[in-house]
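Heads up: the structure comes next, in structure tokens.
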Amino acid sequence: MSKTQNTSASAPAGTGPAKSRRRFLKDAAGVAGGAGLLALGTGLYSRQASALPATAIRPPGALAEADFLAACVRCGLCVRDCPYDTLKLAVLGDSVATGTPYFEARRIPCEMCEDIPCVAACPTGALDRGLSEIGEARMGLAVLIDQENCLNFLGLRCDVCYRVCPVIDKAITLELVHNPRSDRHAMLLPTVHSDACTGCGKCERSCVLPGESAIKVLPLRLAQGSKAEHYRRGWEEKAEAGGSLIGDQLEMPVRGLEGKAYGDTRVGPGEAPAAAGKPGIDSGWKP
Amino acid sequence: MSAHPPTRGAVPPTSVRGAAMRGVVARPGAEAIEAKGWWIAHKWLLLRRVSQLGILALFMVGPWFGWWVVKGNLASSLTLGVLPLTDPFLIAQQAAAGHWPYREALVGGGIVLAFYLLLGGRMFCAWVCPVNLVTDAAAWLRRRLGLKGGKVPSANTRYWLLGFVLVLAAMTGSLAWEWVNPVSMFHRGLIFGFGLSWGIVGGIFFYDLLIAPRGWCGHLCPQGAFYGLIGKSAMLRVSANRRSTCNDCMDCFAVCPEPQVIRPALKGVGQDHPLILDGDCTTCGRCIDVCGKDVFRISTRFDRSES
Numbered sequence: 001m002s003k004t005q006n007t008s009a010s011a012p013a014g015t016g017p018a019k020s021r022r023r024f025l026k027d028a029a030g031v032a033g034g035a036g037l038l039a040l041g042t043g044l045y046s047r048q049a050s051a052l053p054a055t056a057i058r059p060p061g062a063l064a065e066a067d068f069l070a071a072c073v074r075c076g077l078c079v080r081d082c083p084y085d086t087l088k089l090a091v092l093g094d095s096v097a098t099g100t101p102y103f104e105a106r107r108i109p110c111e112m113c114e115d116i117p118c119v120a121a122c123p124t125g126a127l128d129r130g131l132s133e134i135g136e137a138r139m140g141l142a143v144l145i146d147q148e149n150c151l152n153f154l155g156l157r158c159d160v161c162y163r164v165c166p167v168i169d170k171a172i173t174l175e176l177v178h179n180p181r182s183d184r185h186a187m188l189l190p191t192v193h194s195d196a197c198t199g200c201g202k203c204e205r206s207c208v209l210p211g212e213s214a215i216k217v218l219p220l221r222l223a224q225g226s227k228a229e230h231y232r233r234g235w236e237e238k239a240e241a242g243g244s245l246i247g248d249q250l251e252m253p254v255r256g257l258e259g260k261a262y263g264d265t266r267v268g269p270g271e272a273p274a275a276a277g278k279p280g281i282d283s284g285w286k287p
Numbered sequence: 001m002s003a004h005p006p007t008r009g010a011v012p013p014t015s016v017r018g019a020a021m022r023g024v025v026a027r028p029g030a031e032a033i034e035a036k037g038w039w040i041a042h043k044w045l046l047l048r049r050v051s052q053l054g055i056l057a058l059f060m061v062g063p064w065f066g067w068w069v070v071k072g073n074l075a076s077s078l079t080l081g082v083l084p085l086t087d088p089f090l091i092a093q094q095a096a097a098g099h100w101p102y103r104e105a106l107v108g109g110g111i112v113l114a115f116y117l118l119l120g121g122r123m124f125c126a127w128v129c130p131v132n133l134v135t136d137a138a139a140w141l142r143r144r145l146g147l148k149g150g151k152v153p154s155a156n157t158r159y160w161l162l163g164f165v166l167v168l169a170a171m172t173g174s175l176a177w178e179w180v181n182p183v184s185m186f187h188r189g190l191i192f193g194f195g196l197s198w199g200i201v202g203g204i205f206f207y208d209l210l211i212a213p214r215g216w217c218g219h220l221c222p223q224g225a226f227y228g229l230i231g232k233s234a235m236l237r238v239s240a241n242r243r244s245t246c247n248d249c250m251d252c253f254a255v256c257p258e259p260q261v262i263r264p265a266l267k268g269v270g271q272d273h274p275l276i277l278d279g280d281c282t283t284c285g286r287c288i289d290v291c292g293k294d295v296f297r298i299s300t301r302f303d304r305s306e307s
């Protein structure tokens, strides 16, 4: 073994026990330091990259993101059991934690299977089996985010998001609102209700706008503001107390509006013609 | 060491020692091929490749052809819809991160744990882990190119890293190592798609080839360290039971991914029996293949016989 220095040949000959102990401690410290640095780098990377992008939606039943990242082993069993290829596993570079499942509603939304196969497939509990009714899922919350391009907000009748909603008339309703532009039509505004929306994303998928959708499913942390618990809500206090806490409101007479209900400022035909050139009924608009 | 006197002069010229004496690139295993024939001299290597690729194929025929034998990946899988298997290394990380999984994962982890406790922890590394294909390729190319030296971290680094991986999981409350773990990333990439993970796999290949011989599997990989600890008391072991015939050609040291485990058994350093009991031994059997003198064989840890 003169020339062939093998990796295994590393017996320090002729060193005293004190010297070898010192050397061992030095080596161990170096190795521990190196491994520690590597681990630290990994930890910082995982911390920095653990913010889920807004378009990435977790499967139904997913634990809160921090718990999810502790529970998900990135096996992809939920992906395999999704019958609609909705879920995919993040690959390195996706800005979602590598190997964890997510879906993008605009691409393929959740079809809200009644048996929730993805949850049943998860062996670790990252998808909580406590979720037995898919209607109870809260994957995210739909938000009609662009009122400038939404066709219904333009006074047209699109309603596609409303009609594809699996929880129609509960998660999305059409709210009738006066159209001030035409002044004689209604706008039916798609309105999302957080108590029923599952965040499945079918509305976002079906939005007819050519590129981005006007209605988007956002993670709850982005879609909802924090509750202002320090504000008293008068109507709730009133219901709780069984009556107004400050007594009934005084009704003061308003000149010119005698005979109308208090607060009703609507102007009937012939009552008070609108000034020329101003919008309003009888402004001369013709369809 | 009088029991096995060195048979000087009989060292084959292509072996590591023979080549070193002649100043040429060694071709370890050439003598074995001559003595036993190519197939026998590659028996364990071929069996291992069949095992690695076969296991991979079981995972792949689902996504490729729709035959769902195994769903999932090495992290956790479901075979034929009934058999759950889970990597105990991941369950350990989960536990450290403060999450207790469902029964399937625990049962699956128990099955895998029992298997490797019985047969040898690092059999995972040699017979299952797909990164082995990458690092073996790097080691092979290194030998063919005659690349020497390099800067290898201490082999203990992996145990420190294993400790830190668990500490990291506890501190971040997440499976932080799985963001970068090349082992699970490579297997998942093959089955579910790579993205930029190719870079990590390529990084390991070039690290092993150019910087540190056997650097990843033998010195850094905390998953390998985990399985090494599991396999400390495993049954299946390699024995140098015909060590008296060893001609010191050094071929086994050259091909072994953990060459330090051979010396105590082959040369009787610190032990009498010819068993390789070190948990780092991956039971890959390459030493059996390349030995022209049939020194090694697969045996059990109870068999301390010598012939």
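Keeping their order, the protein sequence lines are chains A and B.
When you line the first sequence up against the UniProt record's numbering, it's residues 1 to 287, in that order.
When you line the second sequence up against the UniProt record's numbering, it's residues 1 to 307, in that order.
Using N, Cα and C, we set each Cβ at its ideal position, and we do this for glycine too.
All values reported here derive from a predicted model rather than from experimental measurement.
For the UniProt domain "4Fe-4S ferredoxin-type" (62 to 92) of chain A, the residues whose beta carbon sits under 9 Å from a beta carbon of chain B are, in order, Leu63, Ala66, Asp67, Phe68, Leu69, Ala70, Ala71, Cys72, Val73, Arg74, Cys75, Gly76, Leu77, Val79, Arg80, Asp81, Lys88, Leu89, Ala90, Val91 and Leu92. Collapsing the DSSP output to three states places Val192 of chain A in a strand. For Gly36 of chain A, at least one C-beta of chain B is nearer than 7 Å to its own C-beta. DSSP, reduced to helix, strand and coil, places Ala70 of chain A within a helical segment of the structure shown. In the same chain as Ile91 of chain B, and ignoring 5 residues on each side of it, the C-beta atoms closer than 6 Å to its own belong to Gly109, in chain order. Bridge pairing for Tyr102 of chain A: A:Lys88 [DSSP]. The CB of Val119 of chain A never comes closer than 8 Å to any CB in chain B; the least such distance is about 11 Å.
Chain-order list of chain A residues neighbouring Trp177 of chain B: Thr42, by C-beta distance under 7 Å. The beta-carbon distance between Gly218 of chain B and Pro257 of chain B, rounded to whole angstroms, is 6 Å. This is short enough to meet the 8 Å contact definition.
With a minimum length of 4 residues, the unbroken runs of alpha helix (DSSP H) contained wholly in the UniProt domain "4Fe-4S ferredoxin-type" (236 to 267) of chain B fall at 251 to 255 and 262 to 267.
Legend: CB atoms of the stretch 140 to 159 of chain B lying less than 7 Å from CB atoms of chain A belong to residues Pro153, Ser154, Asn156 and Thr157. Burial state of His185 of chain A is exposed, judged by a 10 Å Cβ sphere holding fewer than 16 other Cβ atoms. DSSP, reduced to helix, strand and coil, places Val143 of chain A within a strand of the structure shown. Listed along chain B are Ser76, Pro84, Thr86, Pro101, Tyr102, Glu104, Ala105 and Gly108, each with a C-beta nearer than 7 Å to that of Pro123 of chain A.
Contact between the stretch 33 to 53 of chain B and the stretch 284 to 295 of chain B is established, with three or more Cβ pairs separated by less than 8 Å.
Taking Ile298 of chain B as reference, the option from B:Pro264, B:Thr245, B:Ala254 and B:Asn241 with the minimal CA-CA separation is B:Asn241. Close partners of Asp264 of chain A in chain B (Cβ separation under 8 Å) are lacking, with about 57 Å as the shortest Cβ gap. Between the alpha carbons of Asp272 of chain B and Val238 of chain B lies a distance of about 15 Å. Remark: C-beta atoms of Arg243 of chain B and Pro274 of chain B approach each other more closely than 7 Å.
For Tyr116 of chain B and Ile172 of chain A, the gap between their C-alpha atoms comes out near 54 Å. By DSSP's assignment, Thr79 of chain B forms a beta bridge with B:Val70 and B:Leu83.
Identification of chain A residues near Arg188 of chain B by a Cβ-Cβ cut-off of 9 Å yields Arg74, Cys75, Gly76, Leu89, Val91, Thr98 and Gly99, ordered along the chain. Rounded to the nearest whole angstrom, the CA to CA distance from Tyr159 of chain B to Leu229 of chain B is 9 Å. Proximity of chain B to Arg47 of chain A at the Cβ level (cut-off 7 Å) is accounted for by Thr172, in chain order. Excluding residues up to 5 positions away in sequence, Arg27 and Ala30 lie with their Cβ nearer than 6 Å to the Cβ of Thr14 of chain B in the same chain. The Cβ atoms of Ala114 of chain B and Ser174 of chain B lie no closer than 7 Å to each other.
Between Val73 of chain A and Ala138 of chain B, the C-beta spacing is not below 7 Å. Within 8 Å of the CB of Met185 of chain B, the CB atoms of chain A belong to Leu92, Thr98 and Gly99, in sequence order along the chain.
Residue-level contact by beta carbon holds for Ala32 of chain A and chain B, with a gap shorter than 7 Å. Per DSSP, His187 of chain B is one residue of the alpha helix (DSSP H) stretching across Pro182 to Phe192.
Looking at the DSSP output, Ser299 of chain B shares a beta bridge with B:Arg237.
In the structure shown, the three-state DSSP call for Ile211 of chain B is helix. Two segments are said to touch when three or more pairs of C-beta atoms, one from each, lie closer than 8 Å; by this definition the stretch 194 to 208 of chain A touches the stretch 128 to 140 of chain A. Below the 7 Å Cβ cutoff, chain B contributes Ser154 as neighbours of Asp27 of chain A, in chain order. Taking a beta-carbon distance threshold of 7 Å, Leu80 of chain B does not count as an interface residue toward chain A.
Contact check between the stretch 43 to 61 of chain A and the stretch 211 to 220 of chain A: three or more CB pairs, one atom from each, fall below 8 Å, which counts as touching.
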